[in-house]
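Novice:
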Amino acid sequence: MKPSRGSKRPPTKAPNPKKKKEKASGFPQGDNEKIPLTKSVKRRKGKICLCTVQIQGRGLLLIWRPMPPSTINAVENILDLSILATLALRRAGKKESQEHLNIIKNKFLANCAQLKVPAQKRGDLIHSTQRHQEETKKSELGKTTLNSLKADLKAVVSVLERTEEQTVSLQQICSKLRDELEEEEKKAKQVRAKCLSLSTYTIYIDLWQL
Numbered sequence: 001m002k003p004s005r006g007s008k009r010p011p012t013k014a015p016n017p018k019k020k021k022e023k024a025s026g027f028p029q030g031d032n033e034k035i036p037l038t039k040s041v042k043r044r045k046g047k048i049c050l051c052t053v054q055i056q057g058r059g060l061l062l063i064w065r066p067m068p069p070s071t072i073n074a075v076e077n078i079l080d081l082s083i084l085a086t087l088a089l090r091r092a093g094k095k096e097s098q099e100h101l102n103i104i105k106n107k108f109l110a111n112c113a114q115l116k117v118p119a120q121k122r123g124d125l126i127h128s129t130q131r132h133q134e135e136t137k138k139s140e141l142g143k144t145t146l147n148s149l150k151a152d153l154k155a156v157v158s159v160l161e162r163t164e165e166q167t168v169s170l171q172q173i174c175s176k177l178r179d180e181l182e183e184e185e186k187k188a189k190q191v192r193a194k195c196l197s198l199s200t201y202t203i204y205i206d207l208w209q210l
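See the structure below:
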């Protein structure tokens with residue numbers, strides 16, 4: 001027979017090792033993307049903006065700084081490629097469209113230069129640098145392809161112009177030959193008429209002699 005307890009509180013449960021791990025790490029087990037943000041405090045120190053984010057009782061310090069020039073250059077390259085792709089779809093008014101798009105691009109890049117973003121980690125910076133290099137190579141390849149297409153287009157236009165000149169010259173020659181043919185036909189008709197009249201006259205003479 002078990003002895004009676006001195007109080008009515010429930011019996012002590014055995015410790016759960018999972019809860020100990022969660023308490024030690026400060027984060028629950030599972031997907032970190034589902035962790036809710038409970039509190040955010042922003043402080044400014046000079047030109048650097050410090051942001052402390054509370055995630056279930058644990059504070060993470062985020063440093064906000066102006067957007068780096070490398071990122072702005074990468075954005076500019078992407079915008080240049082987009083502008084080139086857009087202009088390639090237009091048949092008329094390309095110059096006005098390019099000027100308008102360049103104005104919008106410059107305004108956007110000026111706003112990006114004043115924008116503060118979280119400081120990048122080394123891994124993110126390396127990834128951004130590699131992506132920037134890839135985009136730069138694509139941009140250079142696109143410019144090379146565009147220059148090649150321009151050269152091919154100039155060659156095709158030159159051939160078309162020469163062909164048009166030859167066509168005009170051939171048309172003039174054909175017109176001249178047509179006029180000469182008409183003159184020859186007129187002369188042939190006249191000769192035929194003279195021959196007919198001469199043969200008729202000869203027949204009359206022969207009949208008269210008979």
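Note that full-length UniProt numbering has the sequence shown beginning at 1, numbered continuously upward.
Glycine residues also receive a C-beta, built at the ideal position from the N, C-alpha and C atoms.
This one's a predicted model, so the numbers in the text were calculated from it and none came from an experiment.
(1) Within this structure, are the beta carbons of L84 and G142 separated by less than 8 Å?
(2) Considering P118, what are the terminal residues of the beta strand (DSSP E) in which it resides?
(3) Roughly how many angstroms separate the alpha carbons of residue 257 and V75, rounded to a whole number?
(4) Which first and last residues belong to the alpha helix (DSSP H) in which P69 is found?
(5) For I205, which residues does DSSP report across the bridge?
(6) Using the Cα positions of N147 and S70, report the straight-line distance between them to the nearest angstrom.
(7) At the level of alpha carbons, what is the spacing between C112 and A151?
(8) What did DSSP end up calling R91 once you bin it into helix, strand or coil?
(9) Between K194, K116 and V159, which lies nearest to R65 when the distance is taken from Cα to Cα?
(10) Counting only the same chain and skipping the five closest in sequence on each side, list residues whose C-beta sits under 7 Å from that of D80.
(11) Could you give the DSSP three-state label for I104: helix, strand or coil?
(12) For a quick check, are the C-beta atoms of N77 and T136 less than 8 Å apart?
(13) Does DSSP put R65 in a helix, in a strand, or in coil?
(14) CA-CA distance, C195 and Q171?
(15) Using a Cβ-Cβ cut-off of 6 Å (strictly less than) and excluding sequence neighbours within five positions of K105, which residues of its own chain qualify?
(16) Nearest to S82 by alpha carbon, out of A193, R162, A188 and Q98?
Specialist: Judging by the given coordinates:
(1) Looking up residue 84 in the sequence shown gives position 84. Looking up residue 142 in the sequence shown gives position 142. Closer than 8 Å, so yes.
(2) By 1-based counting over the sequence shown, the position of residue 118 is 118. First-last of the beta strand (DSSP E) with P118: K116 to P118.
(3) Outside the modelled stretch of the chain, which goes from 1 to 210, sits residue 257, for which no answer is possible.
(4) Within the sequence shown, numbered from 1, the residue matching residue 69 stands at position 69. Here the alpha helix (DSSP H) through P69 covers P69 to A88.
(5) In the sequence shown, residue 205 corresponds to position 205, counting from 1. Paired residue(s): none; I205 is not in a bridge.
(6) Counting from one through the sequence shown, the residue named residue 147 turns up at place 147. Counting from one through the sequence shown, the residue named residue 70 turns up at place 70. Distance between the alpha carbons of N147 and S70: 26 Å.
(7) One-based indexing of the sequence shown puts residue 112 at position 112. One-based indexing of the sequence shown puts residue 151 at position 151. Going by the C-alpha atoms only, they are around 36 Å apart.
(8) Taking the sequence shown and counting its residues from 1, the one referred to as residue 91 is at position 91. R91 falls in the coil class under three-state DSSP.
(9) Translated into positions along the sequence shown, residue 65 becomes position 65. It is K116 whose Cα lies nearest to the Cα of R65.
(10) As a position in the sequence shown, residue 80 is number 80, starting the count at 1. Around D80: S139.
(11) As a first step, residue 104 is located in the sequence shown; it is residue number 104 there, counting from the start. Reduced to three states, the DSSP call for I104 is helix.
(12) Position 77 of the sequence shown, counted from the start, is the residue given in the question as residue 77. Position 136 of the sequence shown, counted from the start, is the residue given in the question as residue 136. The answer is yes: Cβ separation under 8 Å.
(13) Position 65 of the sequence shown, counted from the first residue, corresponds to residue 65. In the structure shown, R65 sits in a strand (DSSP, three-state: E or B).
(14) For the purposes of this step, residue 195 is taken as residue 195 along the sequence shown, with counting starting at 1. For the purposes of this step, residue 171 is taken as residue 171 along the sequence shown, with counting starting at 1. Cα-Cα distance, rounded: 36 Å.
(15) As a first step, residue 105 is located in the sequence shown; it is residue number 105 there, counting from the start. Excluding positions up to five away in sequence, the list reads L79.
(16) The residue labelled residue 82 in the question sits at position 82 within the sequence shown. Looking at the Cα atoms, Q98 is the closest of the given residues.
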